[in-house]
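For reference, the structure discussed in these notes is given below.
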């Protein structure tokens with residue numbers, strides 16, 4: 068997991084863009100606010116558990132879950 072860096076793109080197992088990494092905080096990947104969505108989510112950081120990471124290739128982190136499922140697993144702070 069040391070190969071996961073800031074500003075890498077997170078994509079779901081289906082290839083859908085989920086977000087951009089702001090930084091790693093413990094066992095969670097913090098996404099940038101610009102990928103927070105709309106409505107009540109807008110302007111908040113979201114987190115994805117590092118256990119969902121399936122592969123790191125180039126500047127992309129691929130998750131083991133499809134985009135729609137990974138988004139429902141995110142935690143807000």
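In the working numbering, the protein residues as written are 68 to 144.
In this text, a Cβ means the ideal position worked out from N, Cα and C, and glycines have one as well.
- Message: Given a cut-off of 7 Å on the beta-carbon distance, is the pair residue 85 and residue 77 in contact?
- Response: Along the chain shown, read from residue 1 onward, the residue named residue 85 stands at position 18. Along the chain shown, read from residue 1 onward, the residue named residue 77 stands at position 10. Yes. Within cutoff.
Alpha-carbon spacing of residue 87 relative to residue 123, whole angstroms = In the chain shown, the residue the question calls residue 87 occupies position 20. In the chain shown, the residue the question calls residue 123 occupies position 56. When rounded, the distance between both Cα atoms is 13 Å.
Problem set entry | Residues near residue 119 by beta carbon distance below 8 Å, same chain, minus five either side | Residue mapping note: residue 119 aligns to position 52 of the chain shown, counting from 1. Cβ within range, chain order: 130, 131, 132, 137, 140.
Consult DSSP for residue 86 and reduce its assignment to one of helix, strand or coil.
What you label residue 86 is simply residue 19 of the chain shown in a count that begins at 1. Strand.
Between the Cα of residue 97 and those of 75, 126, 121, 134, spot the shortest distance and give me the residue it belongs to. Residue mapping note: residue 97 aligns to position 30 of the chain shown, counting from 1. Residue 97 has its Cα closest to that of 75, out of 75, 126, 121, 134.
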